[in-house]
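*Asks:*
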Amino acid sequence: LQVKKNIWQSIPDSFLSLDAFHKQVVIGTAVAAGVALLYMQHRRSHKVQTIPLGEGWWGAGEKPQSEDDNIYSFEVQTSDDEIKDLQERLDKTRYTDPLEDSAFEYGFNSIYLKQVASYWRHEFDWKKQVAVLNKYPHFKTKIEGIDVHFIHVRPSQQKNQKVVPLMLVHGWPGSFFEFYKILPLLTESHTDLAFEVICPSIPGYGFSEAPHKQGFNSLAAARIFLKLMERLGFSEFYLQGGDWGALITTNMAQMKPQCVKGLHLNMILSRRGFKVLLSLLIGPYLPFLVGLSREDARRLFPFFEKNVWTILRETGYMHIQATKPDSIGCGVNDSPVGLAAYILEKFSTWTDLENIHLEDGGLERKFSLDDLLTNVMIYWTTGSIVSSMRFYKENLSSNLDKRIDSRTRIFVPTGLAAFPGELMHCPKMWAQIRFHNIVSYTMMPRGGHFAAFEEPQLLASDLIQFVRKVER
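Heads up, the sequence shown stops at 472 in my numbering, and the numbers go up one at a time, no gaps.
#1: Relative to the C-alpha of methionine 167, which candidate in Thr349, Gln465 and Ala246 has its C-alpha closest?
#2: Please report the straight-line C-alpha distance between phenylalanine 453 and asparagine 375, rounded to a whole angstrom.
#3: In the structure shown, what three-state DSSP assignment does tyrosine 180 receive?
#4: Indicate whether the contact test is met: 3 or more Cβ pairs, each with one atom in the segment 70-83 and one in the segment 131-147, closer than 8 Å.
#5: Could you check which residue in Ile83, Glu55, Tyr106 and Glu100 has the C-alpha nearest to that of alanine 341?
#6: Using the three-state DSSP reduction, which class does cysteine 199 fall into: helix, strand or coil?
#7: Return the first residue and the last residue of the beta strand (DSSP E) that glycine 415 is part of.
#8: Measure the beta-carbon distance from proline 200 to histidine 138 and round it to whole angstroms, keeping in mind my assumption that it falls under 8 Å.
#9: Considering leucine 263, what are the terminal residues of the beta strand (DSSP E) in which it resides?
#10: Give me the Cα-Cα distance between tryptophan 172 and isoleucine 151, rounded to the nearest whole angstrom.
#11: Measuring straight from C-alpha to C-alpha, what distance separates leucine 289 and phenylalanine 274?
#12: Are there 16 or more other CB atoms within 10 angstroms of the CB of valine 164, so buried, or fewer, so exposed?
#13: Does DSSP put isoleucine 146 in a helix, in a strand, or in coil?
#14: Could you tell me the alpha carbon to alpha carbon distance between isoleucine 51 and asparagine 251, rounded to whole angstroms?
#15: Ends of the alpha helix (DSSP H) at glutamine 77?
#16: Ordered along the chain, which non-local residues of its own chain (more than five positions away) have a Cβ less than 6 Å from that of glycine 361?
#17: Helix, strand or coil: which one does DSSP assign to phenylalanine 139?
#18: Going residue by residue through the segment 251-323, where are the continuous alpha helix (DSSP H) segments of at least 4 residues, counting only ones entirely within it?
#19: Quick one: is the Cβ of phenylalanine 450 within less than 7 Å of any heavy atom of the ligand NAD?
#20: Is the segment 112-130 close to the segment 370-390, with three or more CB pairs under 8 Å?
#21: Would you be able to state if there are at least three C-beta pairs under 8 Å between the segment 315-330 and the segment 387-406?
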């Protein structure tokens with residue numbers, strides 16, 4: 001009786017409100033689809049697949065006979081001339097008045113933008129933030145013709161403490177600085193587990209040299225980062241990523257699964273296949289029949305509103321950067337305020353979609369202006385916004401679904417953290433289509449796209465529990 005009661009309580013009102021005929025249609029569809037899924041699951045091969053490493057050369061001119069493979073110390077620097085140029089540009093900014101009561105619905109509200117620019121001009125201390133950046137040791141090494149920047153943080157190992165290597169990979173419009181709040185939680189642990197962390201800058205981002213040739217995509221970045229880990233002497237390691245970092249680390253796991261002890265992602269890319277279609281048809285009515293939890297249903301439905309309209313509204317930048325990145329890049333690379341508006345609008349909306357209704361975009365609810373502007377300054381001082389945007393064109397100029405990595409499943413132990421503010425929710429049932437060995441899947445209680453920057457404690461805790469499971 002209790003089981004019957006629990007099942008009855010799990011049936012959504014949307015199903016109970018259907019007439020008898022439509023209830024039979026839904027149930028009949030679910031049963032037929034379930035039989036088809038069992039058959040497909042039985043036939044599916046579980047053979048571990050890999051994708052080829054490939055090769056590349058991204059330096060200027062012809063490839064030389066040999067390449068310097070030394071690792072060099074690097075320090076972030078600034079100058080009075082650099083700061084003076086920035087201040088002069090800030091003083092000369094032209095603003096457009098926003099529409100009345102428009103908040104962030106048309107983009108970055110210029111009333112609040114003036115406040116940010118004023119803080120940047122009169123209170124933000126770039127020299128102080130450079131010292132913050134140099135808190136951790138920086139390095140550069142040349143791989144495939146370009147200088148790759150990374151920070152390398154070694155823990156002070158405690159007695160009876162296991163240290164495991166971990167690479168953290170950022171996305172756009174972020175940088176290695178996103179991980180500065182999570183690094184102490186991973187490297188200064190007094191428990192039985194600590195991490196030796198490597199945070200590279202994707203080539204074309206920040207202090208990593210931009211590719212000089214066309215075609216540098218996530219597969220090329222993955223290969224370069226695998227070579228970086230090999231050069232550092234790591235034969236086995238963990239990976240963590242979000243945004244482009246999620247795709248790059250996934251590609252690394254596909255290329256060399258024998259080296260990747262575990263893959264942890266806070267953006268989950270797996271939304272194709274019969275299971276997905278079936279869950280979209282039946283999920284709004286009987287989510288438990290298609291492997292969806294109530295929280296999955298809450299995050300997914302109504303599907304058109306939450307996944308189609310929202311994505312169309314929030315991905316205009318992607319269409320520009322995937323087609324003509326250099327055109328828009330001319331403006332944002334020349335105007336610091338334009339650059340800040342373009343970047344920080346993402347830190348507003350991608351943290352919480354409801355922030356578009358706030359005049360300040362809710363930016364300072366999760367972040368400090370010092371932290372936000374430090375990330376902007378990494379793009380500004382290196383002039384890397386254009387090359388960072390080109391990464392979209394290199395990855396999206398052809399059908400990503402037809403690429404070899406999209407057709408290759410992932411077999412390494414995988415941990416998935418589903419944050420509620422992420423633009424697209426991926427239920428565990430969908431993730432299992434692509435990720436064959438999910439060790440942990442966590443519905444995170446809060447947080448959005450920039451997990452390490454927004455909720456470092458939550459992300460660190462989930463990552464640590466995942467690694468502990470794998471190590472056991």
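We treat Cβ as the ideally placed atom computed from N, Cα and C, and that holds for glycine.
*Replies:* Walking through what the data contain:
#1: As a position in the sequence shown, residue 167 is number 167, starting the count at 1. Cα-wise, what sits closest to methionine 167 is Ala246.
#2: Sequence index remark: in the sequence shown, residue 453 carries index 453 (1-based). Sequence index remark: in the sequence shown, residue 375 carries index 375 (1-based). Cα to Cα, the separation comes out at about 11 Å.
#3: Counting from one through the sequence shown, the residue named residue 180 turns up at place 180. Three-state result, tyrosine 180: coil.
#4: yes
#5: Within the sequence shown, the letter at position 341 stands for residue 341. The shortest Cα separation from alanine 341 among Ile83, Glu55, Tyr106 and Glu100 belongs to Tyr106.
#6: One-based indexing of the sequence shown puts residue 199 at position 199. Strand, per DSSP.
#7: Taking the first residue of the sequence shown as position 1, residue 415 is located at position 415. 414-418 is the span of the beta strand (DSSP E), which, as asked, contains glycine 415.
#8: Residue mapping note: residue 200 aligns to position 200 of the sequence shown, counting from 1. Residue mapping note: residue 138 aligns to position 138 of the sequence shown, counting from 1. About 11 Å separates the two Cβ atoms, so there is no contact after all.
#9: Against the sequence shown, residue 263 aligns to sequence position 263. For leucine 263, the enclosing beta strand (DSSP E) starts and ends at 260-265.
#10: For the purposes of this step, residue 172 is taken as the residue at position 172 of the sequence shown. For the purposes of this step, residue 151 is taken as the residue at position 151 of the sequence shown. Going by the C-alpha atoms only, they are around 18 Å apart.
#11: The residue given as residue 289 occupies position 289 in the sequence shown. The residue given as residue 274 occupies position 274 in the sequence shown. Each residue's Cα considered, the two are about 15 Å apart.
#12: Indexing the sequence shown from 1 puts residue 164 at position 164. Burial call: buried.
#13: By 1-based counting over the sequence shown, the position of residue 146 is 146. Strand.
#14: Within the sequence shown, numbered from 1, the residue matching residue 51 stands at position 51. Within the sequence shown, numbered from 1, the residue matching residue 251 stands at position 251. Taking the straight line from one Cα to the other gives about 8 Å.
#15: Within the sequence shown, the letter at position 77 stands for residue 77. Element bounds for glutamine 77: n/a, residue is neither H nor E.
#16: Against the sequence shown, residue 361 aligns to sequence position 361. Once the five neighbours on either side are set aside, the close Cβ partners of glycine 361 are Phe104, Ser348 and Asn355.
#17: Here the question's residue 139 lines up with position 139 in the sequence shown. Three-state DSSP puts phenylalanine 139 in a strand.
#18: 274-282, 294-300, 310-314 and 316-321
#19: This structure does not include the ligand NAD; it has no bound ligands of any sort.
#20: yes
#21: yes
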